[in-house]
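Engineer: Take this structure first; my questions come after.
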Amino acid sequence: MALIARIYGPVGNGVYALAILLPSSLTTILNLGVAPANVYFLGSSQVSLPALLRANLQIFVGLSILGGSVGAAVVALYGASLFPNVDPALLWLALGTFPIALLNGYLLSMFQGLQRFQAYNLLVLGQPSALLLLVVALVITGNRELVLLIAATLAAKLLVLSFTTTMLRPLVGRSRDHRNTRSFVARALNYGWKAHLSNILAFVKHRTDIFLVNLFLGPVSVGVYVVAVAASEKLWMVSQAVSTVLLPRLSQLTSAEAKRRQLTPLVTRWVLTVTLLGAVVLAALSQPVIELVFGLEYSQAVVPLWLLLPGIVCGSAARILANDLAARGRPELNLYTSICVVIVNIVGNLYLIPRYGLAGAASATSLAYVLNLSLRVMVYNRLAGSRWQDTLLLRVSDIAMVTSRITETVGRYRRVG
């Protein structure tokens, strides 16, 4: 992200962000929640991997055809109005990433559901690493056209998909599950659509500001704004990593409610605290970091970054609580809160962007994230019988427990050494 921003400047960075917005939107809107369904069913050992894989492939074929057709219609009929100042050739090429990303998302979730986190993390890091190498190659050879950057993105996704399929094949093995695949398709979609609608709304919530910034302010402003978004969302690495492990673990605790009521608040408190500390450090260092990493032309991203940070901190805790609700088989509860949050986000952006520019977009988005946490805490506490203090505020006993674990680990390594 930083290299692309530096090499292609605010204009090129903005156009690139807009070109890949369509396929990423299609991936989110049309995946039907199959990935979280995979994690839930594999984590709770309700479905075998071979049967689930066959069901996933059936769903993928239909959705890839549907998504490709919808995307082609959008580019052909509405590309000029929805993506002004973006070359249609870039939109057509970027559209090719949709089916690759869709299938890879399905297959990756199987590693998560099986709790094969080493392979999962390796594959998740694979795409940005491959893209980085390809962008460096483009820079070295002097080929800096945006069309080649989109092609590099497509190639990186294809490369990771090939590794994903190669690593998944031994796990599937030669086992045969002769139960009706259609039943697994129905079960996956029955669970998935509830999580899916929530994920769509979450995506709209996360990307409404970028789309509206382009409509009101143009691609140059998008190029600056996405730097603020990307820098602030790096703080979500903690909650995303924890969520990857937490969802299948909570799904295993279906019959152990007492353990789940202890685990979720504990993890939420720590994630919220660590993210808050990271936000304070990032806020203090944002000016030199942005100018050093991205360049002086992105200095206007500092204020939007500051305004995004409160929402980013709240969003980290909201993600943990959302995983608990999904692991209970109640993903529709996340949907209800997301509807309210998206409405607030859209209305806020429409009102604030024309008046305050990038600062208005960041403020509206941050407010939506704060509301998201507030609603999730209310829903979770009613369901689990907890208090908001127990869910959000770090305790002295939490610190003592972690300190004790660290001391034990250090002592163990010393004895081994």
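The sequence shown begins at -12 in this note's numbering and counts up one residue at a time.
Cβ atoms here follow ideal geometry from the backbone N, Cα and C, with glycine treated the same way.
I need the DSSP call for residue 70, collapsed to helix, strand or coil.
Structural biologist: Correct three-state label for residue 70: coil.
Engineer: Out of 218, 259, 205 and 48, point me to the one whose CA is closest to residue -8's CA.
Structural biologist: Selected option, being the one with the closest Cα: 218.
Engineer: Just the Cα atoms here: how many angstroms apart are residue 103 and residue 208?
Structural biologist: Whole-angstrom Cα-Cα distance: 40 Å.
Engineer: Taking the alpha helix (DSSP H) that residue 352 belongs to, which residues open and close that run?
Structural biologist: First-last of the alpha helix (DSSP H) with residue 352: 345 to 371.
Engineer: Which value, in whole angstroms, describes the spacing of the CA atoms of residue 153 and residue 44?
Structural biologist: Cα-Cα distance, rounded: 16 Å.
Engineer: In angstroms, rounded to a whole number, what distance separates the CA positions of residue 309 and residue 129?
Structural biologist: If I take the Cα positions, the gap works out to 45 Å.
Engineer: Return the CA-CA distance between residue 269 and residue 340, expressed in angstroms with no decimal places.
Structural biologist: In a straight line, the C-alpha of residue 269 is about 24 Å away from that of residue 340.
Engineer: So for residue -4, helix, strand or coil by DSSP?
Structural biologist: Helix.
Engineer: What three-state label does DSSP hand residue 32 in the structure shown?
Structural biologist: Looking at residue 32 - three-state DSSP - the assignment turns out to be coil, as it is neither helix nor strand.
Engineer: DSSP three-state call for residue 419: helix, strand or coil?
Structural biologist: The structure shown does not extend to residue 419, since the chain spans only -12 to 404, so no value can be given for it.
Engineer: So, at 6 Å on beta carbons, what are the nonlocal neighbours of residue 96 in its own chain, with the 5 sequence-adjacent residues on each side left out?
Structural biologist: Closer than 6 Å at the Cβ level, and outside the excluded window around residue 96, lie 22, 25 and 26.
Engineer: For residue 53, which of 10, 92, 305 and 314 has the nearest alpha-carbon?
Structural biologist: When only C-alpha atoms are compared, the closest one is 10.
Engineer: Does DSSP put residue 424 in a helix, a strand or coil?
Structural biologist: The structure shown does not extend to residue 424, since the chain is modelled only from -12 through 404, so no value can be given for it.
Engineer: Determine the DSSP secondary structure at residue 130, reduced to helix, strand or coil.
Structural biologist: In this structure, residue 130 counts as coil in the three-state DSSP scheme.
Engineer: Relative to the C-alpha of residue 59, which candidate in 67, 48, 82 and 70 has its C-alpha closest?
Structural biologist: That would be 82, whose Cα lies nearest to the Cα of residue 59.
Engineer: For residue 376, report the span of its alpha helix (DSSP H) as first-last.
Structural biologist: That run of the alpha helix (DSSP H) goes 375 to 379.
Engineer: Got a sec? Which residues, its chain only, sit under 6 Å from residue 29 by beta carbon, not counting five neighbours each side?
Structural biologist: Cβ within range, chain order: 100 and 101.
Engineer: Check residue 318 in the structure and name its three-state DSSP category.
Structural biologist: Here residue 318 sits in coil by DSSP.
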